[in-house]
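Below you'll find the structure, written out as structure tokens, and then a few comments.
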Amino acid sequence: MQYRRHRSLALAALLAFGWGGADARAPAARPGNGAQAAAAEGQRLDASGDRLRALAAGDAMYRSLAAGDTQAAIASGLLAVKLAPDHLPYRLLLAQALLRERRHGEAERVASEAIALRPDDPMPLALRGYARQGLARPAEAQADLERALTRPGVGPGPQRELRLLAADLALAQGHGARLLELLLPLPQDDPAAAARREMVEGPPHATAPFALPAPGIDCSTADATGSCLLHAADLPALPGYTDASAGYAAMADGDVARAMAHARRAAAAAPGHHRWRLLHIDAAQAAGDLAEAERAATAGLDHDGVPEPGLLASRSLMRQRMGNKAGARADAEAALRAGGLEPAAEAALLLALGRHEQARGRLADASAAARAPREHVGLAYLWMRAGDDAAAARAFAAADADGALPPSALRDAGYAAMRSHADAQSVAYFERATAAAEGGQLALSHQQFLETRRTAAEVSRTWGVFGSVTRRNGGGVEPGFGAVGGNGDHRTTQGGLEAYWRPWGYRNGRYAEVFARGFATLDASDGIWTGSDSFQGAVGARWKPLAAHNLVLSLARVFGPNVDDSWLAQVGYSLDIGGELRLDVPSWWTARLSAEAGKYLDRGDGYGIASATVGRSLRIGGDRTVAYPHLFIGAEHQSNDPVARTSSGVGVGVGLRRWFREDAGRGPRSYWDLTLQYRTRLSGDERMKGVYASAQFSF
């Protein structure tokens, strides 16, 4: 308590009532003039000697309060108020002393008299509110504090104290949400406000009963203001507060070991404190010690004796990660039964239980209620788990718009945008991720860095060119181009070129392309049908309907000088395992399988081709060149072949591929590939026998 300058205050009170010296003058008398009444009272006291007795009683009250003798202060205060009924500071001091002695009825009466003296002063209202709380009249108490907060002309310092007083009243009434609302205007680093927030930032049952202390009082400025200032009582430091503060700081610094040490001590000092317990759990999880985190959560649940949903939800996720599926499921269901979880937390549990439809409903609620930009990041990941990439992309975009999207989420935002067909947005995220990695804000391995840039290159592709030159026995079938002719008993050299365009972009790998291509026999040992005479052209469109599988459907019009014009329907499937460039290992297993069937609708004939290679890819001559020694097996079928409709063979070979055309944000877009094989015929004619050589490029 502050009882400053009590002698000077007593003198100031004397002067304020015209009790000064021989030169003091009373104001001119006018009907209804309060100053006139005060002067008349002063004259009466002066005449009767009450002036000196009031001053002495007031001085005795100050001395007793300063000495901590509240009973004596009340006795002196009652006399001072009786002798000087219009002196507001005496009444405020007396009301505060009565509150300290829990004489709430008398305190209410004295405070009400003070309100009558100065209706616009918020301090008597605050004192009466505290008295009414002691009289078990909480609604009236809250109303008095609300009126005090709305009094005009209150400076920032007194307004802060009134907010703290109202917050303490809310805490005593068990209104944690009201407390937080009252403290919203105060800075987060205000120590008194922070201490009060700590009291309620946990589950309702975790807040201990709070006995409302009497406010402090400071009348040192009464000579200038005619009133006193109230201040909220200092709250005792919470057990473990120092260690908890140090633990939070250590977590922010990334020092998990130090955070664990402080969190353990804080939780041990206050086993019932919800936030200390959560700090212990978070620190243990950050340290990778799920067993300790689970023990901390279990200890909290055992201590509280009630099914606290937040702790149950946390323990459910821990047990899921530890492989305890039954325990995780039981905790999730118990948390949902207990209720009271935020929509996002409830959605996470529903997803863990496989109840995706319900989870999406709660995620929609959480998205609508989200206020802090960082909330959108967590919601985006939950939407991804729920299988709604469009909603995830919107959540990532909302966080990004407010500058709250961390570098660690850029790649995930890119994939969500890609899967929701927002190609331009996806590429922008990937390019920002690579820039963040180069700038040190995002840790990516060399392989992750390459994959991010490679995905950006593929998603941004809208056109391309493919060409091949092949030397083999006969002609037979060429993948993608169809039946290209050629005698199986003679060596031929054939070439093809195709240009394509994706009018609607990548569409998460479900793209459509229109194309134009041509194929010709460049050289043949039998000298028949080479050059322009052997040309086959085609114009058409194809569609890749599945994102995860390379299944392609195609329809084209085939034409040429020595070709019966026809519609060609094709279906192809390929599986490429390990066919992409890798930087994380020097060599890796690779398998390539492909199959294709085509039907010339006007002519009635058809073809089929299938092949498989398996081998070991080896990076050579830098990071962009790969050698591929492999085994081969394949078969071709032509329904109108006069000699052998089906031929098959096996062999060994080696391939060499060079990747190129890349930039800072996008990986290699193009490659050339050389393949040399020696094949042995298994069945059919000679076209699957002997040396096979090809050169391909993709731009």
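Per numbering that gives the first Met the number 0, residue 0 is the first one in the sequence shown, and the count goes up by one each step.
C-beta atoms are modelled at their ideal positions from N, C-alpha and C, and glycine is treated no differently.
{"Asked": "Contacting residues, own chain, Cβ-Cβ under 8 Å from VAL557 (five flanking each side not counted)", "Found": "GLY481, GLN535, GLY536, ALA537, ASP564, SER565, TRP566, LEU567, TYR599"}
{"Asked": "Collapsed DSSP secondary structure at TRP275 in the structure displayed", "Found": "helix"}
{"Asked": "Simplified DSSP assignment, three categories, for ALA292", "Found": "helix"}
{"Asked": "Runs of beta strand (DSSP E) lying entirely within the segment 542-566, each at least 3 residues, in chain order", "Found": "549-558"}
{"Asked": "Whole-Å CB distance - LEU98 paired with LEU126, under 8 Å assumed", "Found": "7 Å"}
{"Asked": "Chain-order list of residues whose beta-carbon lies under 6 Å from that of SER704 (same chain, five-residue window excluded)", "Found": "Only positions 0 to 698 of the chain appear in the structure, and residue 704 is not among them; the question remains open."}
{"Asked": "Identified DSSP bridge partners for VAL613", "Found": "ALA590, LEU630"}
{"Asked": "Residues that DSSP places opposite GLY620 in a beta bridge", "Found": "DSSP output for GLY620 lists no bridge partner at all."}
{"Asked": "Residue interval of the beta strand (DSSP E) (run including VAL649)", "Found": "645-659"}
{"Asked": "Cβ-based neighbour list, ALA316, same chain, cut-off 8 Å, excluding 5 preceding and 5 following", "Found": "Per the sequence presented here, residue 316 reads as Leu, with Ala not at that position. Cβ neighbours of LEU316 beyond the five flanking positions: ALA327, ALA347, ALA351."}
{"Asked": "Helix, strand or coil at LEU441 according to DSSP, with G and I counted as helix", "Found": "coil"}
{"Asked": "Reduced DSSP category for ALA482 - H, G, I as helix; E, B as strand; rest coil", "Found": "strand"}
{"Asked": "Under 9 Å between C-beta atoms of ARG618 and LEU580", "Found": "yes"}
{"Asked": "Reference ASP399; option with closest CA among ALA385, GLU374, MET198", "Found": "GLU374"}
{"Asked": "PRO641 classed as buried or exposed, judged by whether at least 16 other C-beta atoms fall within 10 angstroms", "Found": "exposed"}
{"Asked": "Proximity of MET60 and ALA79 at Cβ, strictly below 9 Å", "Found": "yes"}
{"Asked": "Per-residue DSSP class, three states only, for ALA523", "Found": "strand"}
{"Asked": "Three-state class that DSSP yields for ALA28 in the structure shown", "Found": "With a pLDDT of only 26 at ALA28, under the threshold of 50, the placement of this residue in the model should not be trusted; the figure read from the coordinates follows. Looking at ALA28 - three-state DSSP - the assignment turns out to be coil, as it is neither helix nor strand."}
{"Asked": "Cut-off 7 Å between Cβ atoms - residues of its own chain near TRP588, not counting five sequence neighbours on either side", "Found": "GLY577, ARG615"}
{"Asked": "DSSP three-state assignment for LEU724, whether helix, strand or coil", "Found": "As shown, the chain starts at 0 and ends at 698. That puts residue 724 outside it, with no answer to give."}
{"Asked": "Residue(s) in a DSSP beta bridge with PHE514", "Found": "TYR499, GLY539"}
{"Asked": "Whole-number beta carbon distance between PHE514 and ALA498, since they are thought to touch under 8 Å", "Found": "7 Å"}
{"Asked": "Per-residue burial, GLY20 [other beta carbons within 10 Å of its own, 16 or more giving buried]", "Found": "Only weak support exists for where GLY20 lies, its pLDDT of 31 falling under 50; the coordinates are left without a value."}
{"Asked": "6 Å CB neighbourhood of ASP604 in its chain, flanking five on each side removed", "Found": "SER638, ASN639"}
{"Asked": "PRO308 to ALA334 span [Cα, whole Å]", "Found": "4 Å"}
{"Asked": "Close beta carbons around LEU311, own chain, < 6 Å, minus the five adjacent residues each side", "Found": "ASP330, ALA333, ALA334"}
{"Asked": "Boundaries (first-last residue) of the beta strand (DSSP E) holding ARG318", "Found": "Element bounds for ARG318: not the beta strand (DSSP E) but the alpha helix (DSSP H), 308-320."}
{"Asked": "Test item: CB-CB of GLY607 and GLY597 under 9 Å", "Found": "yes"}
{"Asked": "Per-residue burial, PHE659 [other beta carbons within 10 Å of its own, 16 or more giving buried]", "Found": "exposed"}
{"Asked": "Top-ranked residue by Cα proximity to ALA74, from LEU93, ARG274, ALA435", "Found": "LEU93"}
{"Asked": "VAL458 classed as buried or exposed, judged by whether at least 16 other C-beta atoms fall within 10 angstroms", "Found": "buried"}
{"Asked": "Proximity below 9 Å, CB of LEU278 to CB of ALA262", "Found": "yes"}
{"Asked": "Alpha-carbon spacing of THR529 relative to GLN695, whole angstroms", "Found": "20 Å"}
{"Asked": "GLY239 versus GLY304 - alpha carbon distance", "Found": "21 Å"}
{"Asked": "Sub-9 Å separation of LEU134 and GLU107 beta-carbons", "Found": "yes"}
{"Asked": "Straight-line Cα distance separating GLY175 from LEU77", "Found": "37 Å"}
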